[in-house]
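Those letters in the sequence shown? Residues 187 to 601, by the working numbering.
Here the structure comes first, spelled out in structure tokens, and everything after it is commentary.
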Amino acid sequence: MSVPVLLLEAAGPESEALARTAAASGHPVHAATDAVTLATYSGELRQLLAGCLVTNFARPDQAVADITGYGRRIGVKALLTVNEYLTEVAARSCAALCLPGNDPERAAAARNKALMAIAFEAGHVTMPRTTTVADLRELRALYAAGAVGFPCVVKPADAAGSAGVTVVTGPEELEPAWHAARAARVMYGMPRDERVLVQELVQGREFSVESVTQHEVTTHLCITRKHTTDGIHRVELGHALPARLPAAAERALLEQAGRAIAAVGVRNGATHTELVLGPDCRCTVLEIGARLGAGHIGVLIQHALGIDPWRAVWGIALGRPVTIAPAPGGYATVRFLTTHQAGRLVAVTGLPSVTTTIPAVRVRAEEGTDVGPATSNRGRLGHVIVTGHDPHAVDEQADRILRQITVTVAPGSRT
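Following this line, the structure appears as structure tokens:
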């Protein structure tokens, strides 16, 4: 049955995939955004939409009121977001509209890392030792008291995409890292939490767990292996799924992901839980997002597991029973294009052709734009997706493709 659905923000690859999926099912798709972001919507995206609400996310209470009023006017039957910054607004709006969603009282803990640490502790989630500091004076006092160990991670309470996150190896790096965390931008001009987190650096391999929850019952779709940089900025350079792991390691990851999901009040919807697995199978949760994983993880799930995650989360949002049965034997990876040079992007050459095993090749940075070493996920220039059945062969092919691609950067900037 065709019913109106509402998407909080339609910009971005994951959001556009949600919009296309709902429209293909015959649902009139409405979007809520702000005036600045609406101006970036492509003509194709605008044609998908049956209507659009322009609100001000910088005033969350007013945004919830606007979304609730608009939803009632159109008779909305489902509300979703994959935008990291809007998951709390979505939970509160779903509650006001009596639609399936997450606990509105705990939804902020899935967005704000300081609140997340408190929720994890209460929910007996294994997490890094964490101290939240309000200002630079407090940070200096902690260091003087011997309460800051090295290496450590300094991160903002409320940014996303690894923005403002620094690995600190010595005392001289501590204050610059604090300033970097405070300088991290948030979308939509939303209210900032100026607090900064200082966490122990947990050693091990990084993974994420992709899950969906309906009526507080969680199904884990897969474990994703993450490729990240090793420097002071831990930028994600790739994802691969499903990760093949020993049974004990898999159990540890899924158990901690389940605890994290419950701790932040996820009742209905997708989650992306980031974790570190130590050599002794000790599993530590770094953070959780109450949304589908970004970085094209949804596309990897489609190719590797034969699951349409966009259709699944719409089904949950509509309150319809959702049954998920992953197909065995598939594997997929995405690798991101970056550059170590700062300057003006001249060209990206050596890109492969799209084939059945290379379903996506894209450069998102335009020629002539200023680029540089990636300090967050926003610094990635494009991506290539490779699929197949043999994980080793797929990873080797992805590595070979990356070696064949040349990113040419001219020194200096356009200005």
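No residue lacks a Cβ here, since even glycine has one placed at the ideal position from N, Cα and C.
- In this model, V595 and G347 are separated by some 24 Å (Cα to Cα).
- Distance from the CA of T470 to the CA of A443, rounded to the nearest whole angstrom, comes to 9 Å.
- Excluding sequence positions up to five before and after G261, its CB lies within less than 6 Å of the CB of P190, all in the same chain and listed in chain order.
- Considering only A221, G492, Q389, V354, the residue with the shortest C-alpha distance to A513 is G492.
- Secondary structure note for L325: its alpha helix (DSSP H) is the uninterrupted segment 322–330.
- DSSP places P545 outside any alpha helix (DSSP H), giving it a letter other than H or E.
- Around the beta carbon of C338, 16 or more other beta carbons lie within 10 angstroms, which makes this residue buried.
- For L325, same chain residues with a beta-carbon under 6 Å away, outside a window of 5 residues either side, are V319, W364 in chain order.
- Take R258, set aside five residues on each side of it, and the residues of its chain with a beta-carbon closer than 8 Å to its own are L283, in chain order.
- Following the DSSP letters along the chain, one finds A196 in no alpha helix (DSSP H), marked with neither H nor E.
- The continuous alpha helix (DSSP H) containing Y256 extends over residues 246–260.
- Inclusion of H419 and T316 in the CB contact set at 8 Å is not warranted, their separation being larger than that value.
- For E436, the number of other beta carbons within 10 angstroms of its own is at least 16, and it is reported as buried.
- In this structure G536 touches I591 by the C-beta definition: roughly 4 Å separates them, less than 8 Å.
- Look at T223 here: in three-state DSSP terms it is helix.
- Selection P362, I474, T312, H425 evaluated against S397 yields I474 as nearest (Cα-Cα).
- The three-state secondary structure of P342, taken from DSSP, is strand.
- D321 and P545 have their C-alpha atoms spaced approximately 47 Å apart.
- Linking G481 to P428 through their CA atoms gives a straight-line distance of about 15 Å.
- Rounded to the nearest angstrom, the gap between the Cα atoms of T519 and V580 is 7 Å.
- Annotation for L439: no beta strand (DSSP E) segment contains it, though the alpha helix (DSSP H) segment containing it runs 433–449.
- Setting aside the 5 residues that flank it on each side, V351 is surrounded in the same chain by K341, each with a C-beta closer than 6 Å to its C-beta; the list follows chain order.
- Excluding its 5 nearest sequence neighbours in each direction, N288 has C-beta neighbours in its own chain below 7 Å: A277, G451, V452, R453, N454, G455, A476, listed in chain order.
- Here DSSP, grouped into helix, strand and coil, assigns G568 to strand.
- Of all C-beta pairs linking the region 519–535 to the region 546–560, three or more are shorter than 8 Å, placing the two stretches in contact.
- In this structure, L407 keeps its C-beta atom at 8 Å or more from the C-beta atom of L439.
- In the three-state scheme derived from DSSP, where H, G and I count as helix and E and B as strand, D466 is classed as coil.
- Within the model, the alpha-carbon separation for E422 versus G464 is close to 19 Å.
- If you draw a 10 Å sphere on the C-beta of V215, you find 16 or more other C-beta atoms in it, and that means buried.
- For P597, the beta-bridge partners assigned by DSSP are G529.
- Between M373 and L431, the alpha-carbon positions lie close to 36 Å from each other.
- Out of T543, G565, R548, V547, the CA that lies nearest to the CA of H526 is found in G565.
- The Cβ atoms of L194 and N298 do not sit closer than 8 Å to each other.
- With a 10 Å radius around the Cβ and a threshold of 16 neighbouring Cβ atoms, Q248 comes out exposed.
- In the three-state reduction of the DSSP assignment, T267 falls in the coil class, being assigned neither a helical nor a strand state.
- In this structure A426 is in contact with T410, their Cβ atoms being roughly 7 Å apart against a cut-off of 8 Å.
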